[in-house]
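Peer 1:
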Amino acid sequence: MSTVFEAVRAAQLPLLTVMLLAAGTAKLSPRARAVHGPAGLMPVPWRRPAVIATAVLEIAVALALIVLSGPYAVVARLVAAILFATAAVALVELRLRLPDEGCGCFGELSGAPVGRRSIARAFVFASAAALTLGEPASGFEATLGLGWSGLGVIALEVAALAALSPELRPALVGLGYRPPCDLREVPLGRTMATLRASAEWRALARRITEPEPVDVWRELCWRYVAYPGAARGRPVMVVFAVSLEGRHPEVRATVVDASTGSVLREPPVSVSAPG
1 MSTVFEAVRA
11 AQLPLLTVML
21 LAAGTAKLSP
31 RARAVHGPAG
41 LMPVPWRRPA
51 VIATAVLEIA
61 VALALIVLSG
71 PYAVVARLVA
81 AILFATAAVA
91 LVELRLRLPD
101 EGCGCFGELS
111 GAPVGRRSIA
121 RAFVFASAAA
131 LTLGEPASGF
141 EATLGLGWSG
151 LGVIALEVAA
161 LAALSPELRP
171 ALVGLGYRPP
181 CDLREVPLGR
191 TMATLRASAE
201 WRALARRITE
211 PEPVDVWREL
221 CWRYVAYPGA
231 ARGRPVMVVF
241 AVSLEGRHPE
251 VRATVVDAST
261 GSVLREPPVS
271 VSAPG
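The letter at position 124 of the sequence shown is residue 124 when you use my numbering, and the numbering goes up by one with no holes.
1) Using DSSP with H/G/I as helix, E/B as strand and the rest coil, what is Val114?
2) Output needed for Ala281: all residues of its chain with C-beta closer than 6 Å, excluding positions within five of it in sequence on either side, in chain order.
3) For Arg190, count neighbouring C-beta atoms within 10 Å of its own C-beta (all shown protein chains included) and say buried if the count is 16 or more, exposed if not.
4) When the Cα atoms are used, what is the spatial distance from Pro99 to Leu144?
5) When you compare only the Cα positions, how much space is there between Ser262 and Asp215?
6) I need the straight-line Cα distance from Ala151 to Ser165, nearest angstrom please.
7) In three-state DSSP terms, what is Gly139?
8) Please confirm if the segment 67 to 76 is in contact with the segment 152 to 164, defined as three or more CB-CB distances below 8 Å between the two stretches.
9) Which same chain residues end up closer than 6 Å to Thr17 when comparing Cβ atoms and leaving out the 5 residues on each side of it in sequence?
10) When you compare only the Cα positions, how much space is there between Arg9 and Thr132?
11) By Cβ distance below 6 Å, which residues in the same chain neighbour Glu39 in space, the five residues on each side in sequence not counted?
12) Is the beta carbon of Phe106 closer than 8 Å to that of Ala162?
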């Protein structure tokens, strides 16, 4: 029985290391533009720095798990357990406050609204990290010492984690049918995250006078978001158009006089939401 437990415990270290490295590198990807996850609860200027800081911490903890042994390893594993437990609690809060927002666990792949699976996965990782506290070997040594039983444990856990990972569908979408963008369901939270990460939003945010849009509507592959604003001492409507197509949606904007309907600012050809 103890041999089985030791195999299960040792198998957690390579699994946790791979997951943390994957999560960290996905968040730091230069192609990652929209900000998803608990960072969405923070003020806009802090969101991207918070994502970068989280990614750096995840990569640092992953390297510590694989290299360190002895008392230092205990600290690294405790940090990993706290990191995953904190993430699970933050995802619960995110689901309550921004139900359409993605978890951001693996960057842009995690754009689907937070669900029970993402929360359960974070708790599973927290438990796995806590389980490794008694493992004397470093992650590297534990990986080299894995026998068939350890590999079997990893295979079972990977299958379970795949079932808890909503990211698999977008990751594999190129292998199957994908509906046209005008028929595709795109959460409003994802649109708003893309908008608020864009250059157009930053350029016009000072013109907006209300925190919430007065109108949101969809036309084919575009979602439009209208905010009340002020320019040159008169009321205006700041209207954004966010594409629903592609992983790096275009964002366009125009400013319209609220009284006459005349355009005060022509929309640009297109602006991709930056990181």
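Even for Gly, the Cβ is constructed at its ideal location relative to N, Cα and C.
From a predicted model like this one, the values you see are computed outputs, not experimental measurements.
Peer 2: Short version:
1) Of the three classes helix, strand and coil, the one that applies to Val114 here is coil, per DSSP.
2) In the structure as shown, the chain begins at 1 and stops at 275. Residue 281 is therefore absent and cannot be evaluated.
3) Looking at its Cβ environment, which holds 16 or more other Cβ atoms inside 10 Å, Arg190 is buried.
4) Their Cα atoms are separated by approximately 42 Å.
5) Spanning the two alpha carbons is a distance of roughly 18 Å.
6) It should be noted that the sequence gives Leu, not Ala, for residue 151. Straight-line spacing of the CA atoms in Leu151 and Ser165 works out to 21 Å.
7) When DSSP states are grouped into helix, strand and coil, Gly139 belongs to the helix group.
8) As far as the Cβ criterion goes, the segment 67 to 76 does not touch the segment 152 to 164, which means the pair count is below three.
9) Apart from the 5 residues on each side of it in sequence, Thr17 sits with its Cβ closer than 6 Å to the Cβ of Ala62, Leu65, Ile66 and Gly139 in its chain, given in chain order.
10) Using only the alpha carbons, I get a separation of about 6 Å.
11) First, the residue type needs correcting, since residue 39 is Ala and not Glu in the sequence shown. Counting only Cβ-Cβ distances below 6 Å, and skipping sequence neighbours, we find Arg47, Ala50 and Val51.
12) Not a contact, by the Cβ cut-off of 8 Å.
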